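Below you'll find the structure, written out as structure tokens, and then a few comments.
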Amino acid sequence: MHVQQNIDLSPFNTFGIQASAKAFTTVRSVPDVQALIQSQAFNQQQVLLLGGGSNLLLTQDFDGLVVKIEIMGKEIVRETDDRVVLKVGAGENWHALVLYCVEHGWGGVENLSLIPGTAGAAPMQNIGAYGTEMKDVIVEVEAVDIRTGSVHTFPNEACAFGYRDSIFKQQAKGLYIITAITLSLTKRHHALNISYGAVRDTIAALGYAEPSVKAVSDAVIHIRRSKLPDPAVIGNAGSFFKNPTISATQYAALQQAYPSVPGYPAEEGTVKVPAGWLIEQCGWKGKRLGNIGVHQHQALVLVNYGGGKGNDIWQLALEIQRSVKEKFNIDIHPEVNIV
């Protein structure tokens, strides 16, 4: 295991924040992970696991060991006429994986096109978009227990998936390193989800006569590109805040004051309100403060125009939280990990 010292992390986070890691190493296999957790470097300092760096805000230098997960590979575990079960290394790029599935005509992840990050990070966050979530396709998650070095398999129900949440962010946080995920995908009779957002209209606008796995993926890519900035052009981590869920009573009161407030029915008589709408109503959309700001087309996205400091972005996020709380009495919480 090769450990480097004082490494600049700006190429490894999509915000493009300049921060350095005291120590840095890469793992490319399960044996690499097992060797890592037995090492002095791992056991004597703070550790930060890094996938695509797309869900991360670095507010300072990291005085510890950054471990870049680069476990690659895709393997068909089993296959029938109707389904394929695919095991994927945690370091695989998520969007490239979605395109791979779409090219093969496999359904289930097409609504999750163009979400940045890696396959291993996807279940942690229970990533979701346009009516589909990771929990809908995942069979199991393979992870190494950092206390024992043993490989543990979490079946779907053991992952405790919730809205942008899982056991890996709660009870199991910091106890496991995810090494692979296994997905169940449809080969025919696809249950296409086109009811959310503008997906159905975009499929038609793109010239598709009827929905297909590829049509849905292309539509989602088109919508996301029109609304979200490319991290290669403007530093960002996608949606910075989670959409808050409020009681039906509170939503009804909100509708009285703001008839145009959007809302989507959620579990147990609650309503999910788009955080972007709340932030926009508070006047933040397109607001620029020096090198950082709120994106002009999507208030949910905080951006680094170049040379921005992570702590400045975090202070901006706190201001946005305060203003939403003050105006609507609703708490919005970051979706991004703050380090």
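Quick note, in the UniProt record's numbering, the sequence shown goes up one by one and the last residue is 339.
Cβ atoms here follow ideal geometry from the backbone N, Cα and C, with glycine treated the same way.
Note that the structure is predicted; figures quoted are calculated from it, not measured.
key: Endpoints, alpha helix (DSSP H) assigned at R225   = Counting along the chain, the alpha helix (DSSP H) containing R225 begins and ends at V213 to K227.
message = For a quick check, are the C-beta atoms of V339 and N236 less than 9 Å apart?
response = Not closer than 9 Å, so no.
message = Between which two residues does the beta strand (DSSP E) holding T182 run?
response = Y176 to T186 is the extent of the beta strand (DSSP E) around T182.
CB of I71 within 9 Å of CB of K87, strictly = Between I71 and K87, the C-beta spacing is not below 9 Å.
key: Cβ-based burial, P123 [other Cβ within 10 Å; buried from 16]   = Flag for P123 reads buried.
message = Tell me the residue span of the alpha helix (DSSP H) that contains H95.
response = Following the DSSP letters along the chain, one finds H95 inside the alpha helix (DSSP H) bounded by residues W94 to E103.
ask   = Using the beta-carbon count (16 or more within 10 Å), is Y264 buried or exposed?
value = Y264 is exposed by the Cβ-count criterion.
Identity of the residue in T132, K309, L183 and Q250 nearest S10 by Cα = Of the candidates T132, K309, L183 and Q250, the one whose C-alpha sits nearest the C-alpha of S10 is K309.
inquiry  = Tell me which residues share the same chain as K287 and place their Cβ nearer than 7 Å to its Cβ, disregarding the 5 neighbours each side in the sequence.
reply    = Correct list, in chain order: G293 and V294.
message = When you compare the stretch 36 to 52 with the stretch 111 to 128, are there three or more beta-carbon pairs, one atom per stretch, that lie closer than 8 Å?
response = Taking 8 Å as the limit for Cβ pairs, the verdict is that the stretch 111 to 128 does touch the stretch 36 to 52.
task = Would you mind reading off the limits of the alpha helix (DSSP H) that contains P31?
result = Element bounds for P31: V30 to I37.
inquiry  = For chain B, check one thing: does any of its Cβ atoms lie closer than 9 Å to the Cβ of S226?
reply    = The structure shown has no chain B; it contains just one protein chain.
request  = Note down, one range per segment and in chain order, each beta strand (DSSP E) of at least 3 residues found wholly within the stretch 260 to 314.
outcome  = List check, beta strand (DSSP E) in window: 270 to 272, 292 to 294 and 302 to 304.
key: Start-end ranges of the alpha helix (DSSP H) lying completely within the stretch 32 to 93, minimum 4 residues   = Listed in chain order, they are 40 to 43.
query = Should the stretch 185 to 195 be called in touch with the stretch 101 to 114, which here means at least 3 C-beta pairs below 8 Å?
reply = Contact between the stretch 185 to 195 and the stretch 101 to 114 is present, because at least three Cβ pairs lie under 8 Å.
query = Are I138 and N111 close, meaning C-beta to C-beta below 9 Å?
reply = The Cβ atoms of I138 and N111 lie no closer than 9 Å to each other.
key: T118 (DSSP reduced to helix, strand or coil)   = Residue state for T118 is assigned as strand, using DSSP reduced to three classes.
query = Since N193 sits in a beta bridge, which residues does DSSP pair it with?
reply = DSSP output for N193 lists no bridge partner at all.
ask   = Is it true that the stretch 87 to 102 meets the stretch 172 to 185, where meeting means three or more beta-carbon pairs spaced less than 8 Å apart?
value = The stretch 87 to 102, when compared against the stretch 172 to 185, does touch it at the 8 Å Cβ threshold.
In DSSP terms, what P11 is bridged to = Partner residues in a beta bridge of P11, as assigned by DSSP, do not exist.
query = Within 10 angstroms of its Cβ, does N126 collect 16 or more other Cβ (buried), or is it exposed?
reply = So N126 counts as buried.
ask   = Do the CB positions of N304 and I7 come within less than 9 Å of each other?
value = No, Cβ-Cβ distance for N304 and I7 is not below 9 Å.
ask   = What are the start and end residues of the alpha helix (DSSP H) that includes I203?
value = From DSSP, the alpha helix (DSSP H) with I203 extends over V199 to A205.
key: Separation of V324 from G207, as counted between CA atoms   = In a straight line, the C-alpha of G207 is about 40 Å away from that of V324.
inquiry  = Between which two residues does the alpha helix (DSSP H) holding A248 run?
reply    = First-last of the alpha helix (DSSP H) with A248: A248 to A257.
request  = Figure out for me which residue from E326, W314 and P274 has the closest Cα to the Cα of A129.
outcome  = If we check each option's Cα against that of A129, P274 comes out closest.
query = Does the pairing of the stretch 12 to 29 with the stretch 57 to 69 give three or more beta-carbon distances under 8 Å?
reply = Yes, they touch.
request  = Would you list the residues sitting across from A23 in a DSSP beta bridge?
outcome  = Answer is Q5 and L65.
inquiry  = Looking only at its chain, what residues have a beta carbon closer than 8 Å to the beta carbon of L316, apart from the 5 residues adjacent to it on each side?
reply    = Taken in chain order, the residues that qualify are L289, I292, G293, V294 and L302.
Distance between F168 and G174 (C-alpha atoms, nearest Å) = Looking at the two C-alpha atoms, the distance is approximately 8 Å.
key: Among G238, R78 and K74, nearest to L97 - alpha-carbon criterion   = Closest by alpha carbon: K74.
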